[in-house]
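Q:
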Amino acid sequence: MNKAILPVLIVWGASCVAPVYAADGKEIYDRVCYKCHRSGAEDAPRLSDKAAWAPRLATGKEALYKSAIEGKENMPPRADRPELTDEELKAGVDYIVSQVK
Ligand code: HEC
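This is the structure:
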């Protein structure tokens, strides 16, 4: 193989693998959670509203995972998408947390 091409392939390969996993939570958010959390539908705390998230973040990530999985007030259990796994829901929460900090 041409030695000049090898490093290019390695970089290309790494950039293909890494972002796919990192984008997971965002993808879940964009597919499912944004419906309420972007607009504030059903009184959902908006992604852009850090003040609304601060007291929720203070309860800890485990509590937020539990709310996403089991539901809380107007937040439906599993975001009304029973096909989502716990891991996918948690990735969605992780994405939200990373945006509202
Ligand atoms: C049908 C609308 C709706 C959808 C879809 C939705 N949410 Fe929510 N979510 C809400 C509402 C309403 C609340 C506020 C609940 C309350 O009164 O504390 C909320 C609150 C939350 C909270 C904070 C819970 C807490 O303990 O304070 C998290 C975390 C959350 N949602 C994550 C998600 C994730 C992740 C998704 C996508 C997988 C999602 N939500 C999809 C309506 C929705």
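Reading the sequence shown from the start, the letters are residues 0 to 100 in numbering that gives the first Met the number 0. Yeah, the Cβ is synthetic: ideal placement off N, Cα and C, and Gly gets one too. The model shown is predicted, which means the values in this text are computed figures rather than measured ones.
Return helix, strand or coil for Lys71, following the three-state DSSP convention.
A: By one-based count along the sequence shown, residue 71 stands at place 72. Strand.
Q: DSSP state of Leu46, grouped into three classes?
A: Your numbering for residue 46 matches position 47 in the sequence shown. Three-state DSSP puts Leu46 in coil, outside helix and strand.
Q: In three-state terms, what does DSSP make of Pro76?
A: The residue given as residue 76 occupies position 77 in the sequence shown. Reduced to three states, the DSSP call for Pro76 is helix.
Q: Within 10 Å of its beta-carbon, does Gly91 have 16 or more other beta-carbons around it, so buried, or fewer, so exposed?
A: Sequence index remark: in the sequence shown, residue 91 carries index 92 (1-based). Classification for Gly91: buried.
Q: Are there three or more Cβ pairs, one per stretch, closer than 8 Å when the region 70-86 is compared with the region 36-44?
A: Yes: the two stretches touch, three or more of their Cβ pairs being nearer than 8 Å.
Q: Could you name the residues of the same chain whose beta carbon sits closer than 6 Å to that of Leu88, not counting the 5 residues immediately before and after it, in chain order?
A: For this step, residue 88 is matched to residue 89 along the sequence shown. The residues are Ala67, Ile68.
Q: Indicate the three-state DSSP secondary structure (helix, strand or coil) for Glu61 in the structure shown.
A: Here residue 61 is taken as the residue at index 62 of the sequence shown, counted from 1. The three-state secondary structure of Glu61, taken from DSSP, is helix.
Q: Helix, strand or coil for Glu82? Go by DSSP, reduced to three states.
A: Within the sequence shown, the letter at position 83 stands for residue 82. Coil.
Q: According to the Cβ coordinates, are Arg55 and Leu46 closer than 8 Å?
A: The residue given as residue 55 occupies position 56 in the sequence shown. The residue given as residue 46 occupies position 47 in the sequence shown. No, they are not a contact pair.
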